[in-house]
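Report on the following structure.
Residue numbers (my numbering): 11 to 117.
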């Protein structure tokens, strides 16, 4: 394996999916999500910072579908601070989920 292969491999992806353009990602986790990220997902972050009972997650990575799915799995306990494009994507997907349940009479 070439020198630096793993570092380069990890640099272009968040989890499984790769992307081209790397972006600065900042997410604030609260409640149980903050504890879960600190205990089980800290290795995904470039840096973590505690903030008044919350945990701020920093990562430079490509914006991939698996990143959005990971964030959505934390529900309202994950708030994307930046980039705006990722925050907009999460808002759009959350609205689609809400719409699905509204059309079906709430489940």
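All residues carry an ideal CB built from backbone N, CA and C; glycine is no exception.
Assigned secondary structure, residue i (DSSP; H/G/I helix, E/B strand, else coil)
i          : result
residue 73 : coil
residue 34 : strand
Supposed contact pair residue j and residue i - C-beta distance, whole angstroms, cut 8 Å
i          : j           : result
residue 81 : residue 100 : 6 Å
residue 72 : residue 38  : That belief does not hold up - the Cβ atoms of residue 72 and residue 38 are roughly 21 Å apart, past 8 Å.
residue 65 : residue 48  : 6 Å
Within-9 Å CB hit, residue i to chain B
i          : result
residue 69 : Here chain B cannot be found, since the structure has a single protein chain.
Counted within 10 angstroms of its Cβ, other Cβ atoms place residue i as buried (16 or more) or exposed
i           : result
residue 125 : Within the shown structure, residues of the chain are numbered from 11 to 117, placing residue 125 beyond reach of any answer.
residue 44  : buried
Runs of beta strand (DSSP E) wholly within the stretch 40 to 116 (minimum 3 residues, chain order): Listed in chain order, they are 57 to 61, 64 to 72 and 88 to 92.
The stretch 82 to 102 in contact with the stretch 48 to 58 per 3-pair CB rule at 8 Å: no
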